[in-house]
Amino acid sequence: MYEENKLIKQIVEGDEEALRRLYEITSRSVYLYIFSFVNNKELTEDIMIETYTQVWLSAKRFKGDSRVLTWIFGIARNLTMNEIKKRDNMHNELTNIEQYQAEQFRLTSEKETEQLIYLALKKLSIKHREILDLIFIHEMTYEEVSKILNIPLNTVKTRVFYAKEKLREILENMGVNKDAFF
3 MYEENKLIKQ
13 IVEGDEEALR
23 RLYEITSRSV
33 YLYIFSFVNN
43 KELTEDIMIE
53 TYTQVWLSAK
63 RFKGDSRVLT
73 WIFGIARNLT
83 MNEIKKRDNM
93 HNELTNIEQY
103 QAEQFRLTSE
113 KETEQLIYLA
123 LKKLSIKHRE
133 ILDLIFIHEM
143 TYEEVSKILN
153 IPLNTVKTRV
163 FYAKEKLREI
173 LENMGVNKDA
183 FF
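If you count the sequence shown from 1, you need to add 2 to reach our numbering.
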């Protein structure tokens with residue numbers, strides 16, 4: 003964490019090598035976060051470029067009251083959500099495809115189980131999918147998620163509860179034994 007803060011200060015001073023190093027440290031998590039929403043390699047890469055361009059341009063505005071990665075996630079989130087809004091119609095088409103795919107799967111292997119969970123997650127609302135992704139995939143604290151999403155801590159807790167309930171319901175409708183996961 004100290005290294006990341008030091009790199010931000012160097013970026014403010016125009017050090018391109020510091021940006022490259024920060025990218026090396028943080029890009030994997032940021033990439034996975036973005037990809038979990040857009041599910042498209044090229045689009046994820048485009049948003050990554052925009053994200054780190056914004057890091058470069060707005061490093062002087064980093065206040066240091068959160069982890070650097072939390073701040074970068076906030077930038078990535080805003081850019082990703084803007085892109086999702088643009089592609090809302092495509093989402094409806096993907097939902098139909100995912101429903102068909104879910105009918106084709108049966109729980110016979112770990113890979114198929116992962117696919118069913120992935121399809122179930124895709125059926126969640128964006129706010130529920132995002133909260134589960136940040137908490138369970140990226141292992142962020144509720145406080146960090148509160149800062150990234152700019153919502154109160156209790157709202158984070160409530161969303162996690164309802165997101166898990168909705169995910170449980172979706173998995174049950176897909177024929178997955180809820181006891182296997184919850």
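Don't be surprised by glycine CBs; every beta carbon is placed ideally from N, CA and C.
Annotated three-state conformation of residue 65 is coil, per DSSP.
In the DSSP annotation of this structure, the continuous segment of the alpha helix (DSSP H) that includes residue 130 starts and ends at 128 to 134. With the rule of 3 Cβ pairs closer than 8 Å, the segment 31 to 47 does not count as touching the segment 149 to 160. The three-state reading of DSSP puts residue 178 in coil, since its state is none of H, G, I, E or B. Here the alpha carbon of residue 129 sits roughly 29 Å from the alpha carbon of residue 10. For the options 15, 16, 54 and 20, the alpha carbon positioned closest to that of residue 30 is the one of 54. In summary, residue 59 is exposed, with fewer than 16 beta-carbon neighbours lying within 10 Å of its beta-carbon over all protein chains present.
As the crow flies, the alpha-carbon of residue 173 is around 24 Å from that of residue 36.
The continuous alpha helix (DSSP H) containing residue 37 extends over residues 18 to 40. Check the Cα spacing between residue 87 and each of 66, 118, 4 and 39: the tightest is with 39. Going by C-alpha positions, residue 26 is about 19 Å away from residue 64.
For residue 46, the enclosing alpha helix (DSSP H) starts and ends at 43 to 60. Judged by DSSP secondary structure, residue 138 falls outside any alpha helix (DSSP H); it is assigned neither H nor E.
When DSSP states are grouped into helix, strand and coil, residue 89 belongs to the coil group.
With a threshold of 16 other beta carbon atoms within 10 Å, residue 67 falls short and is exposed. When C-alpha distances from residue 166 are compared across 22, 177, 140 and 123, the shortest belongs to 123.
Annotation: the continuous alpha helix (DSSP H) that includes residue 7 extends over 4 to 14.
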